[in-house]
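Novice:
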Amino acid sequence: MKKTISSYFIPAVGAVLLAVGLYFMKTIEDPQGLLRALPPICFGLGCGIFGHGMGEIIVRSAMKHNTAVAKQLQINMNDERNLAIANRAKSKAYDMMVFLFGAFIIGISLMNIDLTLLWLLVFFYLFILGYNTYYRIKYFKEM
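Just so we're aligned, residue 1 is where the sequence shown starts under the UniProt record's numbering, counting upward by one.
(1) If we call anything under 8 angstroms between Cβ atoms a contact, is Pro-40 one with Gly-21?
(2) Could you have a look at Ala-12 and say whether DSSP puts it in helix, strand or coil?
(3) What number of angstroms, rounded off, separates the C-alpha of Gly-51 from the C-alpha of Arg-136?
(4) Give me, in chain order, the residues of the same chain whose beta-carbon lies closer than 6 angstroms to that of Met-1; leave out the 5 immediate sequence neighbours on both sides.
(5) Are the beta-carbon atoms belonging to Phe-101 and Tyr-125 less than 8 angstroms from one another?
(6) According to DSSP, is Asp-95 part of a helix, a strand, or is it coil?
(7) Could you check whether the region 55 to 72 touches the region 27 to 41, counting it as contact only if at least three pairs of C-beta atoms, one from each stretch, sit closer than 8 angstroms?
(8) Is the beta carbon of Leu-17 closer than 8 angstroms to that of Leu-45?
(9) Under 8 angstroms by Cβ, that's how I've got Ser-109 and Leu-118 pegged, so tell me the actual separation to the nearest angstrom.
(10) Can you tell which of Ile-10, Pro-31, Val-98 has its C-alpha closest to the C-alpha of Ile-49?
(11) Is the Cβ-Cβ distance between Phe-43 and Met-25 less than 8 angstroms?
(12) Measuring straight from C-alpha to C-alpha, what distance separates Asn-87 and Tyr-131?
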């Protein structure tokens, strides 16, 4: 029961964020400061959260009505080969993201944008690298 409520709560939150973002984009005529960025952020987050939540509901419904497909999906999700492929793809994507994000920050910094946004991007970049370093050390100690 708890899973059902939470699975419907996530798309509802997404729909509310989407509606709030759309409402603010249409009603605020001359946004200043934070209100310039908040409506598109709410709209984008709402779209993403709503889509993710609806996808979960559809998958859960399909698995409930067709047990053979549900069993095959569980096997595919827990298969060691599929997990190794997924982890390798994530690793390649992360390696590419580090270089692209660094190049993006350099490009943005050369455009003379607001320093607050630049520091925010640098913080996220360093946070991702720190997260990687933490888990690399943790897994190195375990193995």
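Heads up, the beta-carbon is just placed ideally off N, CA and C, and yes, glycines get one too.
Specialist: This is what the structure holds:
(1) yes
(2) helix
(3) 32 angstroms
(4) Any reading at Met-1 must be qualified, since the residue scores a pLDDT of 41, below 50, and its modelled position is unreliable; no value is offered.
(5) yes
(6) helix
(7) no
(8) yes
(9) 6 angstroms
(10) Ile-10
(11) yes
(12) 16 angstroms
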